[in-house]
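Going by my numbering, the sequence shown opens with residue 33, and the numbers climb by one from there.
Just so it is clear, CB atoms sit at the ideal spot from N, CA and C, and this is done for glycine as well.
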Amino acid sequence: MNAVGLGITIELFLLIGVMFWIKKLKSNQNRQPALSKKIIKNLKF
């Protein structure tokens, strides 16, 4: 596997992990929606 393929795979896993984490955060703490909004804003760069 070349470096580009490895990087894309790692980024995909990171994105999936962050999505699951945000979903978990929203279900556990609905009183803090600003935190996940800030994270989503940071992801968009």
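How many Å lie between residue i and residue j at the Cα?
| i | j | result |
| --- | --- | --- |
| residue 74 | residue 50 | 12 Å |
| residue 39 | residue 58 | 28 Å |
| residue 42 | residue 52 | 15 Å |
Out of the options, state which residue places its alpha-carbon closest to the alpha-carbon of residue i.
| i | options | result |
| --- | --- | --- |
| residue 55 | 71, 43, 44 and 36 | 71 |
Quick one: what does DSSP say residue i is sitting in, helix, strand or coil?
| i | result |
| --- | --- |
| residue 74 | helix |
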